[in-house]
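What follows is a short report on a single structure.
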Amino acid sequence: MCDLPRSFLMFLAVMLLGLRRSNRLIVSLLVVSIVSASISVDAAERRGGLRHPKNIIIMFADGATATQWELGKYSARQLFNESFTVTDVVFRKGELGMLSTHPLDAYITDSAAAASAMSTGYKVNNFAVSMSPDGKPYKTVMEAAKAAGKRLGLVTTAMVYDASPAAFSVHARSRSEFQSIVDQYLALAPDVLLGGGADYFLPSGSAGGKRSDSRDVMAAFAGRGYQVVRDTAQLNAAQGSKLLGLFADQDMDLEIDSDPHKQPTTAQMTAAALKALSRGSPRGFVLFVENENPDTAGHAMDAAGLIKALWAFDKAVQVALEFQRKTRGETLLIVCSDHETGGLSPTYARSGASPGSGARVFSMGASHLKLIAGIGISIKQAADKLGRKPAPEVLDEMLARHFPGFTLDADLRETILNQQPLERNFLYATSGALSRMVARQTGLYWGTSGHTSEPVVVGALGPGARLFRGYQDNTDFGKNLHRLIDRSRTAR
Ligand SMILES: [Zn+2]
């Protein structure tokens, strides 16, 4: 009934008074039938329709979309005979959707603008964090969750103040306002905050600290009852219901480079976050878990780094899925991402460049994946170690040690030694050339060292999942989350 506009009811009342008695009866019957139809539609929607989740887990793989998911699935099957939970469970059994990703001011998005749209329901300019071009903050998912009495968790392999977790929580004109973002975290007080980026929690002058004021924000969190953990063992042993975990000064390492004692996996962080958030949460929680590494590997056009990041993310999705199943009917699990990175293009290619060898064409398959899986270092770390003026013998040693079975063609060798990028959209000479070496022998090519316009895939399981079905805009994703979170405040 409340759906009927007030002016329409007034109009009817005036009309009724002006009518003859017999006509009044007819019009009254008409009004009663319109009103009861309206009530029954409302009731039917409540009965069969949208359910509001108590808990929402957003599993977010920065830079990954369909081609990356397919690579994760195919490689898990070929190399380990394992299934891939993202595709084989969440996408296959859940609701499936796609999101357009363009920001307000361009066709290609950065992570800040994409995550802002997905958090607030509004398009913003590239590099803005949940804020309009004229500086108006838009309400974020975590702000909505806080207002609804839910507990909050932010987990990432990047710096905790990086664009995606920041845009799901707070506001900034630019994603590079790290110190302000950390200050806003202290004010917002997410119950769980795990990742890298200790540098902007500590004053410059202290070890690893970069803050321009003299504040120790890590101590400020501890003073507010947070358990502060700095390595894997401390995280796994944590018993607190409020948790700050900072495992690197900046980004945590890619899985391919990571020391598991120093830095926990995404799955370990997810498990710790779920454990902490489940404590004393009558109104539930919203947990955002990001693996940044498909994006980092994509920028370096790094096949081995990407595949290991995808597997690590999938293990974290398994942890989240187990929780979702245990709390069936209460938890919405969403697997999603912000944009594609690297223009990933597994393909077939000529097996050699010379006239004779060029006739044979090979198609990427299991043997090529095995070659990729044998690489022992990320392309980013290899490029960092080689530096801007790599000596030929250092390059040879790097290749022999970390890239078994690969041969660097003469043109690519020149590219690295002379630091001449292969193409204008390959921003980094060394990673571009190492990536092309891997591509020539495996068929796993990349189109760019930047982001692309590919729509991203969304999979959702649990109450409210159907809102995410179909081809939507990334702003719809944000609107759907707000609808589910805001309504749950009144429903409970
Ligand atoms: Zn990126």
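Residues are numbered in the working numbering as their position in the sequence shown, beginning at 1, plus a constant of 5.
Idealized CB from N, CA, C, for every residue including glycine.
For residue i: DSSP bridge partner residues
i: Ile380; result: The partner list for Ile380 (beta bridge, DSSP) is empty, contrary to what the question assumes.
i: Ala507; result: Within the shown structure, residues of the chain are numbered from 6 to 497, placing residue 507 beyond reach of any answer.
i: Tyr476; result: Met103
i: Gly54; result: None; Gly54 has no bridge partner.
i: Glu345; result: Thr457
i: Phe65; result: Glu295, Cys341
i: Phe158; result: The sequence given here has Gly at residue 158, not Phe. According to DSSP, which records beta bridges pairwise, Gly158 is partnered with Val197, Leu292.
i: Val503; result: Any answer about residue 503 is impossible in this case: the structure gives the chain only from 6 up to 497.
i: Pro142; result: Met136
Residue span of the beta strand (DSSP E) that contains residue i, given as start and end
i: Tyr353; result: 353-355
i: Val366; result: 366-368
Bounding residues of the alpha helix (DSSP H) (the contiguous stretch that carries residue i)
i: Val165; result: Neither: Val165 is in no alpha helix (DSSP H) and is coded neither H nor E.
i: Gly201; result: Counting along the chain, Gly201 falls outside any alpha helix (DSSP H), though it belongs to the beta strand (DSSP E) covering 197-201.
i: Ser121; result: 116-125
i: Gly250; result: Taken as a continuous stretch (DSSP letters only), Gly250 belongs to no alpha helix (DSSP H), being part of the beta strand (DSSP E) at 248-251.
i: His407; result: 397-407
i: Glu260; result: Per DSSP, Glu260 belongs to no alpha helix (DSSP H) and is neither H nor E.
i: Val146; result: 146-152
i: Thr420; result: 415-423
Residue i - DSSP class collapsed to helix/strand/coil
i: Arg229; result: coil
i: Ser211; result: strand
i: Gly77; result: helix
i: Met274; result: helix
i: Asn60; result: strand
i: Tyr450; result: strand
i: Val175; result: coil
i: Asn296; result: strand
i: Asp456; result: The question names Asp, but residue 456 is His in the sequence shown. DSSP places His456 in strand when its eight states are reduced to three.
i: Thr90; result: helix
i: Ala305; result: coil
i: Arg333; result: coil
i: Ser350; result: strand
i: Arg180; result: coil
i: Val222; result: helix
i: Arg216; result: strand
i: Val187; result: helix
i: Gln244; result: coil
i: Leu432; result: coil
i: Gln268; result: coil
i: Tyr205; result: helix
i: Asn131; result: coil
i: Ser440; result: helix
i: Ser286; result: coil
8 Å Cβ cutoff met for residue i and residue j
i: Ala272; j: Asn241; result: no
i: Asp478; j: Leu104; result: yes
i: Arg474; j: Gly102; result: yes
i: Pro460; j: Thr125; result: no
i: Pro58; j: Pro468; result: yes
i: Asp491; j: Ala149; result: yes
i: Gly452; j: Phe367; result: no
i: Ser458; j: Leu432; result: no
i: Leu198; j: Val165; result: yes
i: Leu159; j: Phe293; result: yes
i: Pro108; j: Leu157; result: no
i: Glu345; j: Gly140; result: no
i: Gly499; j: Ala225; result: In this structure the chain extends from 6 to 497, so residue 499 is not present and cannot be described.
i: Cys341; j: Ile63; result: yes
i: Ile384; j: Ser436; result: yes
i: Asp256; j: Ala163; result: yes
i: Phe96; j: Val462; result: yes
i: Ile382; j: Asp262; result: yes
i: Leu337; j: Leu489; result: yes
i: Ala405; j: Ile421; result: no
i: Glu297; j: Thr90; result: no
i: Ala179; j: Ala122; result: In the sequence on display, residue 179 carries Ser and not Ala. No, the pair does not count as a contact, with Cβ atoms beyond the cut-off.
i: Arg284; j: Ser246; result: yes
i: Ala314; j: Ala302; result: yes
i: Glu295; j: Phe65; result: yes
i: Tyr127; j: Thr480; result: yes
i: Pro299; j: Gln446; result: no
i: Phe206; j: Val187; result: yes
i: Ala177; j: Met136; result: yes
Any non-hydrogen atom of ligand 3 within 7 Å of residue i CB
i: Cys341; result: By its list of ligands, the structure shown excludes ligand 3, since it contains just ligand 1.
Cutoff 8 Å: residue i Cβ touching any chain C Cβ
i: Ala118; result: No chain C is part of this structure, which consists of one protein chain only.
Can you list, in chain order, every residue whose CB sits closer than 6 Å to a heavy atom of ligand 1? Gly68, Ser116, Asp300, His304, Thr346, His456
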